[in-house]
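Numbering (full-length UniProt numbering), first residue to last: 1 to 87.
Quick look at the structure:
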């Protein structure tokens, strides 16, 4: 972080740059191209509205929900309270 002899607003600039970098990283990982008609994981049909909303989508809602839940359950504590960090 900026400090010491850094100019006014340097800390906010670093925060803004960090957020911008994170947003850009997520955007590069988003699917692109033509969406699959059927889920790559289970073979179920992917609804047309989902394919229109998310170009390049490869999974149905149910399979994507399972994948998202697996990512969320990695044990990362994002609550930030001392009690939750001590467990």
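Just so you know, even glycine gets a beta-carbon here, dropped at the ideal spot from N, CA and C.
In terms of CA proximity to residue 29, 56 leads the group 9, 44, 56, 48.
Under the three-state reduction of DSSP, residue 45 is assigned to strand. For residue 36, there is no enclosing alpha helix (DSSP H), as DSSP gives it neither H nor E. If you look at residue 73, you'll find it isn't in any alpha helix (DSSP H); DSSP assigns it neither H nor E. Contact between residue 44 and residue 37 is absent: CB atoms are separated by about 10 angstroms, not below the 8 angstroms threshold.
Distance from the CA of residue 61 to the CA of residue 72, rounded to the nearest whole angstrom, comes to 16 angstroms.
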